[in-house]
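Residue numbers (my numbering): 75 to 600.
Where is the CB? At the ideal position from N, CA and C, for every residue including glycine.
Since the structure is predicted, the reported quantities are computational estimates derived from the model, not experimental observations.
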């Protein structure tokens with residue numbers, strides 16, 4: 075079974091179950107290659123960040139252990155008209171400080187998430203306003219019909235209005251501008267775990283919420299989260315028993331960890347596509363030796379870059395087979411994937427050189443590439459391989475690989491000419507890629523993560539129609555058309571879909587979600 079077949083087959087089989095009831099309380103030590111950069115639930119739309127804070131804060135709608143939509147702070151919801159959704163809120167829920175959860179907190183969290191500095195605008199961008207029906211019901215009034223609204227809310231987390239006002243945290247922490255407030259270092263959610271201590275970049279600890287409204291299936295009372303950037307150090311910590319869970323396991327160490335009788339590796343699909351983006355807006359690139367014009371505005375240059383990159387070589391040498399080269403900005407598991415568009419442009423050095431020459435760069439040019447070194451699987455090594463590939467066609471890449479703590483604020487400010495990014499369609503729907511990544515930057519979070527400002531008005535038009543179309547056949551036809559336009563434009567350069575590799579002690583049972591989320595309430599330690 076190849077990588078692609080394996081991840082498709084295991085999409086819904088992502089949980090390890092089988093622990094008997096009545097187990098004693100346990101502590102859990104989790105390590106990751108990077109840190110959650112803030113405790114503010116609206117400050118950074120990044121998978122690790124959300125995976126950590128979603129144990130403290132909660133959405134109205136969540137995912138169960140099989141990644142199916144289920145109720146959270148809302149008990150139920152329905153459309154009362156094509157553009158109005160009523161959500162009934164759970165009664166008897168308290169924030170960690172004892173404050174009751176009400177409709178006022180939902181309205182406050184909506185306004186905060188759509189405000190300046192928020193990285194979560196795409197999750198509430200379809201909403202025109204939130205109207206209070208009573209203390210435990212709200213109406214979401216939409217700009218246009220949007221049938222998948224509940225799926226969009228799974229990562230929009232609810233804060234306490236009273237706590238935010240008391241602690242001068244009514245506005246989100248803005249990582250782009252380096253603005254912090256109390257919400258970055260403290261937290262007051264409704265979730266199964268409370269924040270105990272926060273030491274950014276060092277260690278963050280959590281304790282079980284004894285007043286949690288829901289069911290905590292696991293037996294973990296305390297969680298210690300530690301960032302360990304060095305791959306060898308992280309693996310050594312797992313092998314020596316200093317930590318209980320680590321992710322990701324470097325692809326080169328998977329078999330080594332599997333070979334230890336006291337450990338196991340949990341592997342599964344990730345909905346993430348790793349891709350490259352290019353500044354297509356500025357008339358002159360910020361970081362290039364080409365002056366007076368922007369080579370990335372020419373589709374021939376973008377196509378030349380695409381065809382110069384040996385993704386199969388990256389899969390073999392960098393990813394050790396643990397990746398699936400991809401031609402679209404979404405993986406096959408996501409609704410709207412078009413199989414007939416799944417073939418990549420061929421890796422062709424001579425074709426790349428010819429395109430560059432036709433575009434006026436027969437000797438190539440020089441450009442800086444921004445890349446994280448502690449966010450995606452082998453991210454810096456992938457970028458090094460890309461730089462080596464492009465050197466063969468005369469393009470000199472000045473690679474700047476850095477920790478995500480400085481990387482994300484930089485590229486989110488769009489202070490980049492050429493960059494790497496990964497995107498997970500957490501709604502498992504193509505709209506969650508079209509709207510934030512492939513649409514022109516605009517209001518309400520549209521194109522918020524289209525950091526190179528790629529723009530095609532027809533894709534914008536199709537994305538708007540796709541949002542409200544309820545006929546699956548018509549909707550899929552429009553999605554395919556948008557994806558084909560993006561492919562022809564080489565709006566971005568998709569590289570591959572990466573896999574999940576979590577290492578842990580053999581006595582641990584947990585749930586592995588395909589968005590790389592880890593819910594501690596499911597963890598059982600024997």
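Residue 302 to residue 430, Cα distance in whole Å? Computed Cα separation, rounded: 41 angstroms.
Closest to residue 295 by CA distance: which of 101, 573, 427 is it? 101
State the start and end residues of the unbroken alpha helix (DSSP H) segment that holds residue 264. Note, residue 264: premise wrong, no alpha helix (DSSP H); not H, not E.
If you check the beta carbons only, do residue 439 and residue 469 fall under 9 angstroms apart? Yes.
Boundaries of the alpha helix (DSSP H) in which residue 463 is found, first to last residue: 453-465
Between residue 220 and residue 161, is the Cβ-Cβ spacing less than 9 angstroms? no
Could you give the distance in angstroms between the alpha-carbon of residue 240 and the alpha-carbon of residue 171? 12 angstroms
Quick one: is residue 278 buried, meaning 16 or more other Cβ sit within 10 Å of its Cβ, or exposed? Result: buried.
Tell me the start and end of each unbroken alpha helix (DSSP H) in the region 196-272 that is at least 4 residues and wholly inside, in chain order. 223-226, 235-240, 256-259
So, under 8 angstroms CB-CB, residue 224 and residue 151 are touching, yes? Tell me the CB distance rounded to an integer number of Å. Contact between residue 224 and residue 151 holds, with the beta-carbon distance rounding to 6 angstroms and staying under 8 angstroms.
Could you check the C-alpha separation between residue 554 and residue 334 for me, to the nearest Å? 46 angstroms
I need the boundaries of the beta strand (DSSP E) containing residue 324, first residue and last residue. Element bounds for residue 324: n/a, residue is neither H nor E.
Going by beta-carbon coordinates alone, are residue 320 and residue 577 separated by less than 9 angstroms? yes
Do the CB positions of residue 346 and residue 496 come within less than 9 angstroms of each other? yes
Residue 275 - DSSP class collapsed to helix/strand/coil: coil
With distances taken Cα to Cα, identify the nearest neighbour of residue 465 among 378, 483, 485, 503. 378
Cβ atoms of residue 564 and residue 380: under 9 angstroms apart, would you say? yes
With distances taken from CA atoms, which of 309, 524, 348 is nearest residue 338? Closest option to residue 338, judged by alpha-carbon separation, among 309, 524, 348: 309.
Meets three-Cβ-pair contact criterion under 8 angstroms: the region 360-377 and the region 495-514: Flag = no, the region 360-377 and the region 495-514 do not touch.
Once you ignore the five residues that flank residue 519 on each side, which residues in its own chain have a CB closer than 6 angstroms to its CB? 195, 196, 199
Hey, which unbroken runs of the beta strand (DSSP E) at 3 residues or more fall wholly within the region 278-352? 294-301, 319-321, 337-352
Is it right to say residue 424 is buried, meaning 16 or more other beta carbons lie within 10 angstroms of its own, or is it exposed? exposed
Let's see if you can read the secondary structure: which residues bound the alpha helix (DSSP H) around residue 577? Residue 577 -> not in any alpha helix (DSSP H); beta strand (DSSP E) instead, spanning 567-579.
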